[in-house]
Amino acid sequence: DIAIYGGKLYAVINVSGKVEIMDLQARRISSVDIPNCRSICFADGYAYVSSYAGPVEINPNYQRGYVAKIDTVSLWIVDTCHVGYQPNGLVSDGSNLYVANSGGYMAPNYDSTLSVISLSDFCETKRIPIAVNLDQIVYDANRNTLYVRSQGDYYTQPEILYELNLLTEEVKPMPVAFKRMHLLGNKLYGYTGIGKNWQM
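In the numbering used here, the protein residues as written are -8 to 191.
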């Protein structure tokens, strides 16, 4: 993953286990060690990074993952919060952090939950069941809805996009299968692995 925040460029380097921090000319400032780090988002002066918390290996007894909280001034990890298994994408609304748990190293027993972390005390408050092997998350324009991508199980369950209403916690499947997606205004754009572009 890669993102800009507060005049710095953050690059999440997965298997190297590092978040590299650069200026906007891509000159290295520092790095933060986080094992098997996956995705990054920001809120109120902090960077939040999802971590599988261990090596790259298929293991039915793999430990739970966590989210690391990085102070974007000191560039130190100031806290961690355990979530589900092999967490991937994450987003923040300023009050909560939503984390997609994949369980990707525990196939065929994938995780299927979305962890909710309260940013006020940085604790997991609940997990919402969605679908197996979750990956990317984005908000809609009014931030009452999350779009969550399931990667499926690669055999019998296809990859599919789900809509989660944050007010009711109702989960609805959508008739698209994005590989990656991006919200722009009130439209969600994505692409698939078979060359078709979708617009909603």
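Using N, Cα and C, we set each Cβ at its ideal position, and we do this for glycine too.
Here the segment 1 to 11 makes no contact with the segment 101 to 121; the two share fewer than three CB pairs at distances below 8 Å. Collapsing the DSSP output to three states places G45 in coil.
Counting the other CB atoms within 10 Å of its CB gives P51 a total below 16, which places it among the exposed residues. Annotation: G75 is outside any beta strand (DSSP E) and is labelled neither H nor E by DSSP.
Residue pairing of R171 in beta bridges, as defined by DSSP: Y182. Looking at the DSSP output, E150 shares a beta bridge with no other residue. Straight across, the Cα-Cα distance linking S83 with T147 is about 32 Å. Assignment of beta strand (DSSP E) within the segment 55 to 123, counting only whole runs of 3 or more residues, yields 57 to 62, 68 to 73, 78 to 83, 87 to 92, 104 to 109, 114 to 120 in chain order. Inclusion of G80 and D126 in the CB contact set at 7 Å is warranted, their separation being smaller than that value.
With respect to S141, I151 sits close: the two C-beta atoms are nearer than 7 Å. Considering only P164, R29, Y39, the residue with the shortest C-alpha distance to I68 is Y39. Taking C-beta atoms as the reference points, F113 and D62 fail to come closer than 7 Å. In this chain, D144 is not harboured by any beta strand (DSSP E), its DSSP state being neither H nor E. Cβ-Cβ distances below 7 Å link Y182 to F169, K170, R171, N188 in the same chain, with the five nearest sequence neighbours on each side left out; the list follows chain order.
Put simply, the backbone Cα of L137 is about 21 Å away from that of C72.
For the set P166, S103, A(-6), the Cα lying nearest the Cα of A17 is the one of A(-6). In the structure shown, S21 adopts extended strand secondary structure according to DSSP, grouped into three states.
T159 is bridged by DSSP to nothing; it lacks a bridge partner. Secondary-structure assignment with DSSP links V10 through a beta bridge to V3, V23. The three-state reading of DSSP puts D126 in strand, counting E and B together.
V162 and G36 have their C-alpha atoms spaced approximately 31 Å apart.
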